[in-house]
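Chains A and B, in that order, give the protein sequences.
Under our numbering, the first residue of the first sequence carries the number 4, and numbering increases by one thereafter.
Under our numbering, the first residue of the second sequence carries the number 4, and numbering increases by one thereafter.
Number of protein chains: 2
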Amino acid sequence: MKKATRAQTKNHNKTLVLNAIYKNEDLSRADLSRLTHLTRSTVSDIVSELIEEGLVVELGYGQPSGGKPPVLLEVDKEARQIIGLDLASGEFRGALVNLRGEVQERVSIAINERSGDVALELVYELLEQLIGLAKTPVIGIGIGAPGLMDSEKGIVHSAVNLDWENLPIRDILCERYQLPVHIANDSQVSALAEYNFGDHERMQNLLVVKIGRGVGSGIVINQQLYQGDGFGAGEIGHIKVDEDGELCRCGNTGCLETKISSRALRQRVQAMILDHPDSGMQAFAKDIQAITLDEILAAYQAGVPEIVEIVEETGASLGKALAYMVSALNIHQVIVAGSVSQFGDGIVLPAASQFQSRILPNLASSTEIKVSDLGEEIVILGAAGMVLQYELGIM
Amino acid sequence: MKKATRAQTKNHNKTLVLNAIYKNEDLSRADLSRLTHLTRSTVSDIVSELIEEGLVVELGYGQPSGGKPPVLLEVDKEARQIIGLDLASGEFRGALVNLRGEVQERVSIAINERSGDVALELVYELLEQLIGLAKTPVIGIGIGAPGLMDSEKGIVHSAVNLDWENLPIRDILCERYQLPVHIANDSQVSALAEYNFGDHERMQNLLVVKIGRGVGSGIVINQQLYQGDGFGAGEIGHIKVDEDGELCRCGNTGCLETKISSRALRQRVQAMILDHPDSGMQAFAKDIQAITLDEILAAYQAGVPEIVEIVEETGASLGKALAYMVSALNIHQVIVAGSVSQFGDGIVLPAASQFQSRILPNLASSTEIKVSDLGEEIVILGAAGMVLQYELGIM
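Structure below.
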């Protein structure tokens with residue numbers, strides 16, 4: 004607990020007002036006073052300050068309830084921009100995002116196996132392009148990356164693919180660009196993306212499972228990203244789920260990643276083709292030595308039975324893992340993201356069915372599993388959401 | 004977020020000072036001012052108030068650092084009492100506890116299969132005895148019970164053994180005894196017991212797994228009990244962990260409870276005796292039709308090989324479940340409580356070994372699994388801890 008000083012109280016009240024305007028439509032100063040329990044004059048002072056800073060604009064007049072018609076307020080979503088980076092394996096991507104999480108400029112750079120300092124140079128390149136494209140003041144840089152990130156110290160503990168270890172990326176970028184920098188694991192920020200910009204009511208708690216090349220999850224608890232004691236919360240990709248499972252890239256066998264990642268899905272389809280040289284999959288494959296996820300998706304959508312079966316098995320494996328997570332966390336809203344989530348109900352229905360048969364009925368019935376609608380940019384949006392929260396207090 | 008008023012600020016600062024005195028030894032008013040960043044005069048006013056209320060006492064003089072020797076302060080642990088109840092299956096137990104979690108009076112009542120209103124009468128009986136025994140003002144009643152409890156509304160949603168459903172126990176007891184009442188699931192409050200009174204540093208986050216007749220867990224996140232969206236967080240006893248497992252009392256098969264509960268342990272020993280009529284266990288059993296946990300413990304301590312094996316298998320099953328929970332939560336401190344925790348290293352070592360082989364090495368290496376030292380009274384202490392937190396703000 005920290006002491007409450009007058010300056011903090013003032014800041015707290017300002018954040019309170021900004022959040023109320025951000026989360027509600029068509030509020031007047033009087034509405035704000037009712038909503039925040041602050042006095043009319045405190046609200047007026049704060050609103051004037053926010054208008055002066057350009058963060059809030061007057062929208063016009065609302066319906067009068069007797070007396071003068073009220074002036075309605077809204078956050079000017081174009082008042083500031085945020086840089087979000089997704090340092091995914093294969094490709095670094097970045098974007099300029101407005102205050103409502105709308106992507107305005109996109110930049111990406113192929114990594115081509117570059118790592119270490121060379122990979123860091125690519126980050127500079129990306130950032131310099133984005134900073135050059137900004138049309139309004141940039142309030143900060145948010146970064147999501149696979150691996151273990153110390154969000155407090157701003158250090159990449161380990162990002163194996165990039166060969167980064169104990170890289171103080173926050174201080175490096177902060178000094179170089181004179182902007183606030185926030186980093187976190189990519190699956191973790193995906194939860195912030197859903198929390199801030201997902202197409203659903205804002206929940207207190209939220210679980211997002213991101214299934215792409217790797218598998219990880221992000222947990223929002225009490226409206227905040229929960230990162231655990233060592234910033235590793237949600238790292239579920241390498242739990243052993245299969246006693247006789249396949250070798251994982253981590254060196255262990257039977258990890259969840261070997262069951263449900265896009266890599267696992269491709270490998271299983273490839274193995275199926277060897278066993279069934281006459282399966283319907285071949286019609287969708289350009290090169291049966293290198294099946295792509297898009298090809299599998301097309302075959303799935305065309306109803307190729309062998310593919311439907313593999314996708315459903317993937318969903319079932321996800322459901323088994325969710326049984327543990329939901330029993331522990333009792334979070335009602337579970338969202339599946341990442342490239343494998345493109346299979347939609349193909350993944351979610353068998354996941355839900357397994358899940359329901361494996362936990363207490365009343366825990367199961369209150370849990371909803373659905374697919375993210377944020378698509379490929381979820382990490383960029385989550386990284387931007389992190390900046391929104393830490394720099395403007397919007398949460 | 005709520006608005007910060009002057010009254011709240013004052014209350015906040017008072018809680019800040021009380022917490023500082025509670026958690027540190029030998030503080031002077033000057034130390035408090037440094038620690039809390041409040042002014043000397045604010046601290047003096049608050050301390051006077053706390054002394055007047057009897058919560059804080061002056062201890063005597065400390066070492067002067069030039070000038071007058073400072074007056075040292077401490078919380079008077081006997082200033083108030085708390086009633087903690089453990090509505091366990093088989094027996095209702097209650098105690099009067101001081102502000103340091105020291106149990107001062109104990110009362111218990113056998114349930115003998117009584118349920119419904121009759122069981123509620125037993126709660127009254129317990130409380131009336133305890134209130135009669137109180138020597139200082141009682142600040143509240145805390146209740147831990149197996150089942151699903153709505154801690155916000157103070158309602159027992161369902162406690163199957165007691166045949167209670169949607170019982171507004173808080174309002175009933177509050178009206179009857181004119182005391183604040185707080186309820187939560189028994190495994191959940193066990194985490195609060197460890198957090199408040201366990202023999203270790205206070206952690207931000209804590210996971211307690213309670214293994215008795217049932218299996219459940221409690222999670223402290225950011226110094227507070229985390230209960231999830233539906234107050235069911237930590238309800239891990241009925242996750243299916245064995246595809247071909249035994250029938251559970253919940254109606255499903257292969258639940259974690261069928262693998263590691265005291266009931267499961269007794270059943271397995273009983274089955275072993277049938278298979279090995281000449282095992283070393285018989286020497287410890289009064290009635291081989293009704294083996295007790297104490298008898299199994301005695302045989303385990305004497306090194307009976309069949310029993311050692313069964314206990315180690317139980318630990319291994321626990322370790323598999325912990326792999327999921329720790330990967331999701333990344334909590335460094337895991338504590339095993341409940342009657343089965345009496346097996347100590349017999350449970351913990353195989354659990355740790357399974358656990359380590361099933362998750363990422365750096366998650367595993369930073370996690371410590373140990374046995375609770377709070378013994379049988381953990382639920383009573385947790386219930387009292389809940390009152391301490393909600394009524395005095397000590398957390």
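Backbone N, C-alpha and C fix where the C-beta goes; we use that ideal spot for every residue, glycine too.
GLU77(A) bridges to which residues according to DSSP? For GLU77(A), which the question treats as bridged, DSSP gives the partners VAL60(A).
Within a Cβ cutoff of 8 Å, which residues of the same chain sit near ILE239(B), ignoring the five residues on either side of it in sequence? Here the set comprises VAL212, VAL218, GLY219, SER220, LEU259, ALA324 and MET328.
Kindly indicate the opening and closing residues of the alpha helix (DSSP H) around LEU321(A). Note, LEU321(A): alpha helix (DSSP H), 308 to 332.
Contact with chain B by ALA236(A), beta-carbon distance below 8 Å: Yes, because at least one Cβ of chain B sits closer than 8 Å to the Cβ of ALA236(A).
At a CB distance below 8 Å, what residues from the region 357 to 381 of chain B approach chain A? Give them in sequence order. Only those residues of the region 357 to 381 of chain B whose C-beta falls short of 8 Å from the nearest C-beta of chain A are listed: SER360, ARG361, ILE362, LEU363, ASN365, LEU366 and SER369.
Buried or exposed by the 16-neighbour rule on C-beta atoms within 10 Å, applied to LYS17(B): Counting C-beta atoms within 10 angstroms of its own C-beta, LYS17(B) has 16 or more neighbours from the protein chains shown and is therefore classed as buried.
Could you tell me whether the Cβ of LYS26(B) comes closer than 8 Å to any Cβ of chain A? Not an interface residue.
Span of the alpha helix (DSSP H) holding GLU260(A)? Per DSSP, GLU260(A) belongs to the alpha helix (DSSP H) from 260 to 263.
Test item: CB-CB of LEU62(A) and GLN84(A) under 8 Å: No, they are not a contact pair.
Under 7 Å by beta carbon: chain B residues contacting ILE242(A): Going along chain B in sequence order, the residues near ILE242(A) (Cβ under 7 Å) are ALA326, TYR327, SER330, ARG361 and ILE362.
In the structure shown, what three-state DSSP assignment does LYS289(B) receive? DSSP places LYS289(B) in coil when its eight states are reduced to three.
GLU204(B) versus GLU197(B): straight-line alpha-carbon distance, rounded: Inter-residue distance for GLU204(B) and GLU197(B) is about 10 Å (C-alpha atoms, whole angstroms).
Entirely enclosed alpha helix (DSSP H) segments - the region 71 to 145 of chain B, minimum 4 residues: Fully enclosed alpha helix (DSSP H) runs of 4 or longer: 119 to 136.
List the residues that DSSP assigns as beta-bridge partners of LEU21(B). In DSSP, LEU21(B) forms no bridge with anything.
Answer yes or no: does any C-beta atom of chain A fall closer than 8 Å to that of GLN191(B)? Cβ-Cβ to chain A under 8 Å: no for GLN191(B).
So that I know if they touch, is there some Cβ in chain A lying closer than 8 Å to that of MET4(B)? Per-residue confidence for MET4(B) stands at a pLDDT of 44, beneath the threshold of 50, marking its modelled position as unreliable; the derived number appears in the next sentence. It does: the Cβ of MET4(B) has a partner Cβ on chain A nearer than 8 Å.
Residue(s) in a DSSP beta bridge with GLU403(A): Absent from the structure is residue 403(A), since the part of chain A shown begins at 4 and ends at 398.
Does the separation of the CB atoms of ASN333(B) and ALA236(A) fall below 8 Å? Yes.
Members of the region 181 to 212 of chain A near chain B, C-beta cut-off 8 Å: Here the close residues are MET206, GLN207 and ASN208.
Endpoints, the alpha helix (DSSP H) within which GLU394(A) is located: That run of the alpha helix (DSSP H) goes 381 to 395.
For ALA122(A), which residues in the same chain have their Cβ closer than 6 Å to its Cβ, ignoring the five residues on either side in sequence? Excluding the 5 residues flanking it on each side, ALA122(A) has same chain C-beta neighbours closer than 6 Å at LEU165, in chain order.
Any beta carbon from chain A within less than 8 Å of TYR229(B)'s own beta carbon? Among the CB atoms of chain A, one or more fall inside 8 Å of the CB of TYR229(B).
Got a sec? Which residues, its chain only, sit under 6 Å from GLY396(A) by beta carbon, not counting five neighbours each side? Leaving aside the five residues that flank GLY396(A) on each side, the residues in its chain whose CB is nearer than 6 Å to its CB run, in chain order, THR18.
Can you tell me whether GLU298(A) is helix, strand or coil according to DSSP? The three-state secondary structure of GLU298(A), taken from DSSP, is helix.
Check whether ILE362(B) and THR317(B) have beta carbons under 8 Å apart: It is not a contact, given that the beta carbons lie outside the stated cut-off.
Using a Cβ-Cβ cutoff of less than 6 Å, which residues in the same chain neighbour GLU103(B) once the five nearest sequence positions on both sides are dropped? Per the sequence shown, the amino acid found at residue 103(B) is Arg instead of Glu. Within the same chain, ARG103(B) has close Cβ partners LYS80.
Using a Cβ cut-off of 9 Å, pull out every chain B residue sitting near ASP48(A), in sequence order please. Within chain B, no C-beta atom comes less than 9 Å from the C-beta of ASP48(A); the nearest is roughly 14 Å away.
Chain B contact residues for ILE239(A), given Cβ-Cβ distances below 8 Å: Residues of chain B passing the Cβ test: TYR327, SER330 and ALA331.
Straight-line Cα distance separating ASP297(A) from SER400(A): With chain A covering only 4 through 398, there is no way to say anything about residue 400(A).
From the DSSP output, in three-state form, read off SER36(A) for me. DSSP places SER36(A) in helix when its eight states are reduced to three.
With a threshold of 8 Å between beta-carbons, can CYS253(B) be considered close to chain A, or not? Judged by the 8 Å Cβ criterion, CYS253(B) is in contact with chain A.
Let me make sure I understand the geometry here. Which of HIS335(A), ILE294(A) and ILE276(A) has the alpha-carbon closest to that of PRO308(A)? Its Cα nearest to that of PRO308(A), the residue ILE276(A) stands out among HIS335(A), ILE294(A) and ILE276(A).
Could you tell me the distance, in whole angstroms, from the CA atom of ARG269(A) to the CA atom of ILE294(A)? For ARG269(A) and ILE294(A), the distance between alpha carbons rounds to 6 Å.
With a threshold of 8 Å, are at least 3 pairs of Cβ atoms found where one atom belongs to the region 184 to 197 of chain B and the other to the region 137 to 156 of chain B? Output reads yes: the region 137 to 156 of chain B touches the region 184 to 197 of chain B.
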